[in-house]
Amino acid sequence: MPDSGEWSTASRRGARRRRVAYRRPHRQPRAVRGRKVLPQVGQKSTPVNRIMRQSDRVMNALAPALAARRDRRRAQARHGSLLFDIEREVRVSDDSTFGKACRIGARVHVDRSTLGRFSYVDSDTRIHRARIGDFCSIATRVAIGPPNHPTEGRSSTHPAFYLHRPNWGYNFVATDTHEEYRDTIIGHDVWIGAGTTILGGVRIGNGCIVGAGAVVTRDLEPFSIAVGVPAKTLRKRFSERQIAALWDVSWWDREDQWLRENIALIEDIEALVAYSEGGA
């Protein structure tokens, strides 16, 4: 091997370039507005570059809000309600309808259902074939009318053996032989707690409260409080006299102007009873 003093000038320069290239750190590509851009090695920070980087950070921060506004406008155009408020990652079937001032939380699925005015649905909730009244409060992670499987008289509960879905690979039967979804009816002014499951075909009366985590397998009478698995009625919310007044006034059917003028009747049940018995 030749001594270092015998190296040519070109060899020394080549070795120097190799050492510099080896020591140069590898710069990873950065994402800008969904595109991958490789910064040029040795690129200087100029005012223009700094402005572009700041612009990218602003756009990335605004992206969720812009996407939510886009989804909200699409939902408003589809369902025709200017007061319809919808968050991101929501799936709503075209045949679902909404009253005014409804609010739909993030990652909610609404399939072939109807929500009355001022009703809201919190995040991560699934609703199938349900008719929901006005002024209902539905908390997070609620399942209303989930698909059911046949449990009697069959060798298997798997949907491949009762649904005809060739695109899924389910082609053992020529047509559907079991109805997965049934209509669920929820009255007005119903409060459904977090994590509740309401089976398809159940009817929940006006003014009911369903405790968090309950599984409702049977109908609930109006103004009941139900909890547990399966849900059982603890008691009625009101006395018989108060319930009669509620049915007589039926404030949930009144116009917005009437509600504004008579808000005291909503805030005090005894005032509503007096209003009803006074013949108003």
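Residue numbering for the sequence shown is 112 to 391, as defined by this note's numbering. Glycine included, C-beta positions come from ideal geometry on N, C-alpha and C.
Using the Cα positions of residue i and residue j, report the straight-line distance between them to the nearest angstrom.
| i | j | result |
| --- | --- | --- |
| Ile320 | Ala337 | 6 Å |
| Lys343 | Gly324 | 12 Å |
| Gly304 | Pro341 | 14 Å |
| Leu177 | Asp367 | 32 Å |
| Tyr292 | Ser350 | 36 Å |
| Ala217 | Tyr231 | 12 Å |
| Ile215 | His269 | 32 Å |
| Phe229 | Ile243 | 11 Å |
| Leu194 | Pro158 | For Leu194, the predicted structure reports a pLDDT of 42, less than 50, and the residue's modelled location is therefore unreliable. A value from the coordinates is still provided. Rounded to whole angstroms, Leu194 to Pro158 spans 44 Å at the Cα level. |
| Ser387 | Arg352 | 10 Å |
| Gly298 | Val201 | 24 Å |
Mind checking residue i: buried by the 16 CB within 10 Å criterion, or exposed?
| i | result |
| --- | --- |
| Arg144 | Annotation note: pLDDT 48 at Arg144 (below 50); position unreliable, coordinate value reported separately. With fewer than 16 Cβ atoms within 10 Å of its Cβ, Arg144 is classed as exposed. |
| Ala285 | exposed |
| Gly210 | buried |
| Ala385 | exposed |
| Asp379 | exposed |
| Leu376 | buried |
| Asn160 | exposed |
| Asp330 | exposed |
| Gly339 | exposed |
| Ile162 | exposed |
| Val76 | Within the shown structure, residues of the chain are numbered from 112 to 391, placing residue 76 beyond reach of any answer. |
| Asp245 | buried |
| Ser267 | exposed |
| Ile374 | exposed |
Secondary structure at residue i, three-state DSSP: helix, strand or coil?
| i | result |
| --- | --- |
| Arg223 | coil |
| Tyr386 | helix |
| Leu357 | helix |
| Phe209 | strand |
| Val327 | strand |
| Arg352 | helix |
| Arg265 | coil |
Name the residue from the options whose alpha carbon lies nearest to the alpha carbon of residue i.
| i | options | result |
| --- | --- | --- |
| His397 | Trp302, Ile297 and Tyr273 | Look at the range of the chain in this structure, 112 to 391, and you will see that residue 397 is not part of it. |
| Thr328 | Thr295, Val201 and Ala172 | Thr295 |
| Ser234 | Arg240, Thr251, Val221 and Gly244 | Thr251 |
| Leu357 | Ala382, Leu345 and Glu372 | Ala382 |
| Ala254 | His220, Cys247, Ala271 and Arg276 | His220 |
| Gly311 | Pro257, Trp362, Val326 and Val201 | Pro257 |
| Ile249 | Arg265, Ala174, Cys213 and Ser335 | Cys213 |
**Item:** Three-pair Cβ contact test at 8 Å for the region 271-282 versus the region 218-232
**Value:** Taking a cut-off of 8 Å on C-beta distances, the region 271-282 does not touch the region 218-232, as fewer than three cross pairs fall below it.
ask   = Are there three or more Cβ pairs, one per stretch, closer than 8 Å when the region 206-218 is compared with the region 261-278?
value = Three or more Cβ pairs closer than 8 Å define a contact, and the region 206-218 falls short of that threshold against the region 261-278.
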